[in-house]
Amino acid sequence: MKWLIIGGGIHGTYLANLLMHQPDLTPEDIGVLDPHDTLLAAWNRMTTNCGMRFLRSPATHHIDLPILSIYRFAKTPEGQSLADFIPPYNRPSLPLFRAHSARVIARKGIAQRHIQDRALTMRRDGRRFIVETTRGPLRTRRVLLAIGMSDQPCWPSWANRLRREGAPITHVFEPTFHPQDAAANGPTVVVGGGITAAQTALSLATNPRADVVLIARRALQESQFDFNPCWIGPKCLRRFYQEDYDTRRTTIDKARLPGSLPGEVLKAFEQACISTRLAFRPSAIREAVLTNGTIRLRTENGLIEAHRIVLATGFRQERPGGRFVDRLIKDFGLPCNPCGYPIVGKDLQWGENIYVTGPLAELQVGPCARNIVGARNAGRLLMASLAAE
Ligand SMILES: Cc1cc2nc3c(=O)[nH]c(=O)nc-3n(C[C@H](O)[C@H](O)[C@H](O)COP(=O)(O)OP(=O)(O)OC[C@H]3O[C@@H](n4cnc5c(N)ncnc54)[C@H](O)[C@@H]3O)c2cc1C
28 MKWLIIGGGI HGTYLANLLM HQPDLTPEDI GVLDPHDTLL AAWNRMTTNC
78 GMRFLRSPAT HHIDLPILSI YRFAKTPEGQ SLADFIPPYN RPSLPLFRAH
128 SARVIARKGI AQRHIQDRAL TMRRDGRRFI VETTRGPLRT RRVLLAIGMS
178 DQPCWPSWAN RLRREGAPIT HVFEPTFHPQ DAAANGPTVV VGGGITAAQT
228 ALSLATNPRA DVVLIARRAL QESQFDFNPC WIGPKCLRRF YQEDYDTRRT
278 TIDKARLPGS LPGEVLKAFE QACISTRLAF RPSAIREAVL TNGTIRLRTE
328 NGLIEAHRIV LATGFRQERP GGRFVDRLIK DFGLPCNPCG YPIVGKDLQW
378 GENIYVTGPL AELQVGPCAR NIVGARNAGR LLMASLAAE
């Protein structure tokens, strides 16, 4: 293999598609290693679990190469019945985005490049790498780490303790979460203050028998995007590239707006608070106790009882990749900023022939690195560096 992409999410799949279009590469030169049954499995799971209906990003952000590909797909017999966009910025429905992604994957044969396994360790062998998986070694000339956040849902410490005690608590992004389970009789408390929390609460509240309470630390914040779109292009990035890595970290943390939600989700949420048994309690959780199967949450504004808790608390913000990436850093002497994230050049090379995208590339790609458009921007940097070789 010439390229092994580790991670088959939005980033890994888009970059596989991009590499498969390069004239000097054949499909057999590329592999996408991911432990799930299918490519995009983590994306599909997370977006289903939270009841997402429309993407937050515009229709031009997707996994195909031509920028207008979703629009074209929406006019085909296959896409026509799913053609559904909402303003502003023509955001596609989730079913349309999914069907388009499946079409792109099928058309280019990207699923045939999927190797279902997990990278455990990696070592150099002459001009190649040997990546160890549970099923044996894979040999490759180059590696692209496309490891996102989906393997690390955030469990606050009180929630972890409740889980150990056997309480009915789950995280909306866990594979074990089933929306219908969470809507069983008795109050369900959703914890979190962003788009995922609001969508999850909304989708649970569609069950007419469900009592759903959303608890967030503060009032819900409206914002169309989770970062200012100027971060996609040179307008904001020019200055970013002049900053040192510590300042870039501060800039990214300031620019990203986790815990915000677009207007239409906020409106639907407020409407459901009037018309269904959905309630909103802005309050910090001080203590959580499990007694006789019921969870009692002591908040700064009083006691709330829950028969179930669904966490919509996003991801742990630590560098993704766990022990696999920790070992790579040690074995290959890869440089990291004090925040733990990779220091990579404009060619996205972390070490010789070790490339990154997604959160691992954020000190280079900037505040949009984790999003779909971050994959497209990473692809542009990667192609520029390959063309210069
Ligand atoms: C609910 C939700 C909605 C979102 N909506 C939008 C949106 O509308 N627009 C937008 O731009 N962004 C959106 N995002 C943000 C972002 O685009 C997505 O999270 C996207 O799925 C990130 O893709 P990824 O490929 O970086 O990571 P992931 O989806 O996490 O994929 C990485 C893959 O790598 C695998 N992996 C990890 N370690 C290894 C290993 N050692 N070996 C092999 N494989 C490994 C993982 O199992 C996983 O399958 C959304 C995120 C969420 C959670």
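Start counting the sequence shown at 28; every next residue gets the next number (the working numbering). Backbone N, C-alpha and C define an ideal beta-carbon position, used for all residues, glycine too. Please read all numbers here as calculations on a predicted model, not as lab measurements.
In this structure, DSSP gives L305 an extended state, which the three-state scheme calls strand. Residue burial annotation: D238 is buried, with at least 16 other C-beta atoms found within 10 angstroms of its C-beta.
In the displayed model, H127 falls within a helix according to three-state DSSP. A straight-line Cα-Cα distance of about 29 Å links F351 and E270.
In the three-state reduction of the DSSP assignment, T75 falls in the helix class. Per DSSP, M28 lies in no alpha helix (DSSP H) and is assigned neither H nor E.
Relative to ligand 1, H38 has its C-beta within less than 7 Å of a heavy atom. Following the DSSP letters along the chain, one finds P164 inside the beta strand (DSSP E) bounded by residues 163-167. With respect to the 8 Å criterion, R150 and T160 are not classified as neighbours on the basis of their beta carbons.
Each residue's CA atom was taken as its position, placing T87 and W185 some 40 Å apart.
Counting only residues of its own chain and dropping the five nearest sequence neighbours on each side, Q248 has a CB closer than 6 Å to the CB of S287. DSSP, reduced to helix, strand and coil, places A186 within a helical segment of the structure shown.
Taking all protein chains shown into account, E332 has fewer than 16 neighbouring C-beta atoms within 10 Å of its C-beta and is therefore exposed. H38 sits in a helix when the DSSP states are folded into three classes. If you look at Q139, you'll find it isn't in any beta strand (DSSP E); DSSP assigns it neither H nor E.
In the displayed model, A396 falls within coil according to three-state DSSP, outside both helix and strand. Closest in alpha carbon position to L293, among F252, A126, R275, is F252. In this structure, the beta-carbon distance from F100 to R130 falls below 8 Å.
In the same chain as C181, and ignoring 5 residues on each side of it, the C-beta atoms closer than 6 Å to its own belong to T340, G341, F342, R343, in chain order. Spatial neighbours of Y116 in its own chain (CB-CB distance under 7 Å, excluding positions within 5 residues in sequence) are listed in chain order as P85. When DSSP states are grouped into helix, strand and coil, D273 belongs to the helix group. G175 places its beta carbon less than 8 Å from that of H38.
Under the three-pair Cβ rule at 8 Å, the stretch 304-321 counts as touching the stretch 188-201. Within 10 angstroms of the beta-carbon of I97 lie 16 or more other beta-carbons, which makes it buried.
A direct Cα-to-Cα measurement between V217 and P62 gives close to 29 Å. Cβ-Cβ separation between D374 and S412: approximately 3 Å, consistent with a contact (criterion under 8 Å).
Judged by DSSP in its simplified three-state form, M47 adopts helix.
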